[in-house]
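This report concerns only the one structure given below.
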Amino acid sequence: MKMIIIQFGGTGDLALKKLYPAYDHLMAKGFDFQVLALGRRFKDRDQFVSTMIGDDASQYFLDRLDYLHYDMEDDAAMQVLAGTLRSMVSGSGQVELIYYLALQPSLYEEAIRQIQEVDATLSCACELSKKIVVEKPFGFDFESAYRYNKILETAFTDKEIFRIDHYLGKEFMQNLLIMRFHNDIMRSIWDNRSIESIQIIFDETHGVDQRLGFYEQIGVVRDTIQNHIMQIITYLTMNEPATLSPEDIAIEKVKVLRAISPIEQFAMGRYESLGAHSGHIVDTPTYAAFTLFVNTYYFAGIPIHVRTGKMQKEAKSLIYVKFRNTTAQVMHDTSIAENGVIITIHPELTIDISMNLKEPNTSWKSKPVRFRFNQAETFGANTPEAYEQILQKILQGDKSLFPTMKEISESWRIVAPMLSNDHAMEVYPVRTLPRFAHHMAKEHHFNWFT
Ligand code: BG6
């Protein structure tokens, strides 16, 4: 079957940094497809390739990559796109068109309308199937997500719609489920009888870089909290699914999300130099911190403290699961440390379990030591990038790594209070943690793990 990915946002940052390298790797693995990049930035393919595609792209990929100057505001562009697609599919027996939207959410409605129009004019003496892939954030808020979905469903069935959250393609996410549900010792300690609190820390060193135009409209809540962070929370706290099938996992994820109240207590900030050269003030949050609770029987009462954002001193992504320390009380020894599980995602994927063991040459003194799993050391450094895993599933028509519409809607409901523009915004110097993150820790009597 001939597969063509029609890449909306083909000259954007995501396509450049993540999608094109992933397409290249997938082709090297034997997946057979073509890519038609659409964009306004370049007039022709030569300009596009010389500016957008790095030297390390393979010739094989370049031979299967085409470019079309496409201005969504110009009605004539649709005719050109339809004509290009007609000539690409002619003579083929079976064809699949994969429309991939990597655009500002505000452009989705129009893009979908145009796809429907192009789609209606396409006909070939072949068997034609289609898929649509929509990048996160899916929508701008609860209402718009619902509206986009309605429009999408007029042209595509749910099976044909792939809503992306690339975190589901990450090895650590999939490992969370395996770690929790393939190990009896983990199952029996993974609830509010043993866990005292959870921290999720996602600090990035980069700013919004080339994406100011996009980010300005999005901000940290829509960029990472409504999607990546909410998905991590579901993986950490879902009950055991009947099987690890996508349907069964989705059922449990929705239960978690429905058990979370809208986040009313939060703080946000933006880094000082955000949009400094744009000629206008960009007052979009780039950092946020909050605490939430998952009110299910086994997780109620465990505070989940989250902090995430840009322009930090060190790139750190980790989850810290802190266990209760009844032992210190029972043994009348406050020097006994708590046990914990530390899942580090960045700079490298490791899982540590910390335990207290005897310090040599002491009389019954213990010291926390870590038992470590290191993904690269154990399995080699060749784990595919998240986008590669996600794109592979799309090509294969496998929906196991995609959030459902229910999950997306529930996540919008949870973050809704954070979306209004009228909350206080701390302006933090670059490479520093906003003050509110320290205040929050003090107020809730905990220390950030790092
Ligand atoms: C993206 C966000 O979805 O995720 C970015 O748009 C963020 O702002 C990125 O930096 C983080 O993803 P990763 O894969 O680099 O952890």
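Sequential numbering from 0 applies to the sequence shown in numbering that gives the first Met the number 0. In this text, a Cβ means the ideal position worked out from N, Cα and C, and glycines have one as well.
Residue ranges of uninterrupted beta strand (DSSP E) with 3 or more members, entirely inside the region 146-171 and ordered along the chain, are 160-162. Boundaries of the alpha helix (DSSP H) around Val117: Tyr107 to Thr120.
Per the DSSP secondary-structure output, Tyr427 pairs in a beta bridge with Tyr270. A direct Cα-Cα distance of roughly 6 Å separates Ile318 from Gln198. Residue burial annotation: Lys169 is buried, with at least 16 other C-beta atoms found within 10 angstroms of its C-beta. In the structure shown, the three-state DSSP call for Pro346 is coil. Counting only runs of 3+ residues, the beta strand (DSSP E) found wholly inside the region 365-416 occupies 365-373, in chain order. In the three-state reduction of the DSSP assignment, Met310 falls in the coil class.
Taking 9 Å as the cut-off, the Cβ atoms of Phe372 and Asp351 count as close.
Pairing Lys312 with Thr204 gives a Cβ-Cβ distance under 9 Å. Contact annotation: Leu100 and Phe7 have beta-carbon atoms nearer than 9 Å. Residue pairing of Lys321 in beta bridges, as defined by DSSP: Ser196 and Gly339. Measuring C-alpha to C-alpha distances from Ala75 to each of Tyr286, Glu425, Glu116 and Glu108 identifies Glu116 as the nearest. Under the Cβ criterion (8 Å, minimum of three pairs), the region 129-145 counts as touching the region 410-420.
Here Lys441 carries a helix assignment [DSSP, helix/strand/coil]. The straight-line gap separating the alpha-carbon atoms of Lys17 and Arg179 is approximately 29 Å. Looking at the DSSP output, Met354 bridges to Val368. A Cβ-Cβ contact shorter than 9 Å links Ile3 with Met87. By the C-beta density criterion, Ser316 is buried, having at least 16 other C-beta atoms within 10 angstroms. For the pair Pro367 and Ile344, the Cα-to-Cα distance works out to about 21 Å. The Cβ atoms of Thr290 and His304 lie closer than 9 Å to each other. Contact between the region 123-138 and the region 213-227 is present, with at least three C-beta pairs closer than 8 Å. Annotation for Lys129: Glu95, Leu96, Ile97, Tyr98, Asp118, Phe155 and Glu159 place their beta carbon closer than 8 Å to its own, counting only its chain and skipping 5 residues before and after.
Secondary structure at Lys17: helix, using DSSP grouped into helix, strand and coil.
When DSSP reads this structure, Ser128 sits in a beta bridge with Glu95. A direct Cα-to-Cα measurement between Glu109 and Thr153 gives close to 14 Å.
Under the 10 Å beta carbon count, Ala299 is surrounded by fewer than 16 other beta carbons and is classified as exposed. With a cutoff of 9 Å on beta-carbon distance, Leu400 and Phe171 are scored as not near each other. As the crow flies, the alpha-carbon of Ser277 is around 53 Å from that of Ser187.
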